[in-house]
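Read through the structure below, which is laid out as structure tokens, and then see the notes.
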Amino acid sequence: MVESEGKFETDFEKVDSGASNTFPISCSDVKKGTHIVMGEGRPCKVMEISTSKTGKHGHAKANIVGIDIFNGKKYTDICPVSHGKDSPIIKRTELTVLSVDDQGYVTLMDKNGLIRQDLKLPDDSDDDKVISKRILDGIESGKTILVTVLAAMMVEKIEDAK
463 MVESEGKFET DFEKVDSGAS NTFPISCSDV KKGTHIVMGE GRPCKVMEIS TSKTGKHGHA
523 KANIVGIDIF NGKKYTDICP VSHGKDSPII KRTELTVLSV DDQGYVTLMD KNGLIRQDLK
583 LPDDSDDDKV ISKRILDGIE SGKTILVTVL AAMMVEKIED AK
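As structure tokens, this is what we get:
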């Protein structure tokens, strides 16, 4: 704090805890198709969930199988139904492709005219390679290509192209 002319001035520094990337969800509310954080803090879509009956140690358990929404890796988790999990905040944005450079970085423009060049052509899975080919073929033939960018937990990826 600094005193100037009888008034105190205070500077506050912003610190981001990363907590705004998720919200809490009870394990009893997790259903097939729900998104939760699994594994090493990865956003996953629940593919299967089964619950066991209350055992001698008192808690019914949920056995959850999920697929990472970015790389398709499979995760399994077991948690008491009475406990909670984190659910990632997922956002999808539609952008127009302007070009692709030699390293595979895509130049994109949003509906407000803002340009970004920080995303690469997707190549983690076979589906990603199909999307990348669709983008490159569209640019080559002079078509307007729209891509959907999936964002969750400070990770972004081109998810679809049309």
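Read in order, the letters of the sequence shown correspond to residues 463 to 624 in this note's numbering. Glycine included, C-beta positions come from ideal geometry on N, C-alpha and C.
Between P486, L583, P505, which lies nearest to G625 when the distance is taken from Cα to Cα? This structure leaves residue 625 out entirely; the chain is present only between 463 and 624.
Of the listed residues C541, L608, G566, nearest to G520 (C-alpha basis): Ranking the options by Cα distance to G520, first place goes to C541.
Cβ neighbours of V492 in the same chain (closer than 7 Å, five flanking residues each side left out): These residues qualify, in order along the chain: I498, V508, I511, A524, I526, K547.
Could you have a look at E510 and say whether DSSP puts it in helix, strand or coil? Strand, per DSSP.
Pick from L557, S544, T538 that is closest to A613, judged by C-alpha positions: Minimum Cα-Cα distance from A613 among the listed residues L557, S544, T538 corresponds to L557.
heavy atom of the ligand MG below 8 Å from C541 C-beta: As for the ligand MG, it is missing from this structure, which has no ligand bound.
Give the DSSP-derived three-state secondary structure of E602 in the structure shown. It is helical.
Run through the DSSP bridge pairs and tell me what F532 is partnered with. DSSP, once it has assigned bridges, lists no residue as partnering F532.
What residues are listed by DSSP as bridge partners for E415? No answer is possible for residue 415: the residues shown for the chain start at 463 and end at 624.
Taking the DSSP output, what are the residues bridged to T558? According to DSSP, which records beta bridges pairwise, T558 is partnered with M571, L608.
Beta-bridge pairing of P584 - partner residues as DSSP gives them: Bridge pairing for P584: absent [DSSP].
Strand pairing of G546, partner residues [DSSP]: Checking the DSSP bridge columns, you'll see G546 partnered with S488.
Could you check how far apart the C-beta atoms of I552 and I593 are, in whole angstroms? I think they sit under 8 Å. Contact between I552 and I593 is absent: CB atoms are separated by about 18 Å, not below the 8 Å threshold.
Taking I498 as part of the beta strand (DSSP E), name the residues at either end of that continuous run. Where I498 is concerned, the enclosing beta strand (DSSP E) stretches over 497-500.
Measuring alpha carbon to alpha carbon, tell me which residue in V611, E602, P550 is nearest S482. Here the closest residue by C-alpha is P550.
Which class does D563 belong to by DSSP, given the choice of helix, strand or coil? Note: D563 maps to coil in three-state DSSP.
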